[in-house]
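Q: In the working numbering, the protein residues as written are 783 to 872.
Here it is, the structure, as structure tokens.
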């Protein structure tokens, strides 16, 4: 499902104009992003938890040459699905 598909589904479900729903979806994405940038978790009941996870530096290999390279530490976005979502997908 693309963002456009999501907007269409929500607009139909809520009987709301697509433009308004698109702004809501954009606001949701912006809010989640800015919250994660601040290092805070985002918990959505019934859906799951988004959080920033620290990835340690590690050694890797260049697939073309086989040479060892160091992959630096970084932050990554993690998502843990809530129990209702896990149960629904089974």
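Quick reminder that beta carbons are idealized off the backbone N, C-alpha and C, glycines included.
This structure is a prediction, so every number in the text was calculated from the model and none was measured.
In chain order, what are the residue ranges of uninterrupted beta strand (DSSP E) at least 3 long that sit wholly in the segment 798 to 822?
A: none
Q: Can you check whether the CB of residue 789 is closer than 8 Å to the CB of residue 811?
A: Here residue 811 corresponds to residue number 29 of the chain shown, with the count starting at 1. Here residue 789 corresponds to residue number 7 of the chain shown, with the count starting at 1. For the pair residue 811 and residue 789, the CB atoms are not nearer than the 8 Å cut-off.
Q: In this structure, how does DSSP classify residue 793 when only helix, strand and coil are distinguished?
A: Your numbering for residue 793 matches position 11 in the chain shown. DSSP places residue 793 in the helix class (H, G or I) of the three-state scheme.
Q: With H, G and I counted as helix, E and B as strand and the rest as coil, what does DSSP make of residue 864?
A: Sequence index remark: in the chain shown, residue 864 carries index 82 (1-based). Three-state DSSP puts residue 864 in coil, outside helix and strand.
Q: Check for me: the beta strand (DSSP E) holding residue 872 runs from which residue to which?
A: Position 90 of the chain shown holds residue 872. From DSSP, residue 872 is part of no beta strand (DSSP E); its letter is neither H nor E.
Q: Could you check where the beta strand (DSSP E) with residue 831 kicks off and where it finishes?
A: Your numbering for residue 831 matches position 49 in the chain shown. It spans 830 to 837 - the beta strand (DSSP E) in which residue 831 sits, taken as one unbroken run.
Q: Nearest to residue 827 by alpha carbon, out of 872, 835, 864 and 798?
A: Locating residue 827 in the chain shown gives position 45, counting from the first residue. Nearest C-alpha to residue 827: 864.
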